[in-house]
């Protein structure tokens, strides 16, 4: 995936935190749930700066938390 595409996925995810979403992954899985948070890398980044996104965290209807690598996401609908 291109950086522009990944940046668009990341921006979409950030806009949907706390919303009900469907995440389509590169292996063909559609995961429905609530996008509970986005995790960023913190080690090695100067104080006050924002590190890259390392995971999208989705809680499904069974309260199972899914931690998804952003590079494995084709689309997010919310």
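Residue numbers (this note's numbering): 3 to 80. The beta-carbon is built from N, C-alpha and C at its ideal position, and this holds for glycine as well. All figures in this text were calculated on a predicted structure; none of them were measured in a lab.
Report task. Spell out a yes or no on whether the stretch 28–40 and the stretch 57–66 are touching, meaning 3 or more CB-CB pairs, one atom from each, closer than 8 Å. Result -> Yes, the stretch 28–40 is in contact with the stretch 57–66.
Query - residue 59 in three-state terms, based on DSSP - result: In the structure shown, residue 59 sits in a strand (DSSP, three-state: E or B).
**Report entry** Span of the beta strand (DSSP E), counted from its first residue to its last, around residue 67
**Finding:** It spans 67–70 - the beta strand (DSSP E) in which residue 67 sits, taken as one unbroken run.
Query raised in the report: Since residue 78 and residue 27 are thought to touch, with beta carbons under 8 Å apart, how far apart are those beta carbons, to the nearest angstrom?
Result: Contact doesn't hold; Cβ gap of about 10 Å is too wide.
Query - CB-CB length for residue 72 against residue 8, believed under 8 Å - result: That pair is a contact at about 7 Å.
Query raised in the report: Considering only residues of the same chain and omitting the five flanking positions on each side of residue 63, which have a CB-CB separation below 8 Å?
Result: Same-chain partners within the cutoff: 34, 35.
Query raised in the report: Closest Cβ-Cβ distance between residue 34 and chain D: below 8 Å?
Result: Looking at the structure shown, chain D is missing, and only one protein chain is on hand.
Query raised in the report: Taking all protein chains shown into account, do 16 or more other C-beta atoms lie within 10 angstroms of the C-beta of residue 31, making it buried, or fewer, making it exposed?
Result: Under this definition residue 31 is an exposed residue.
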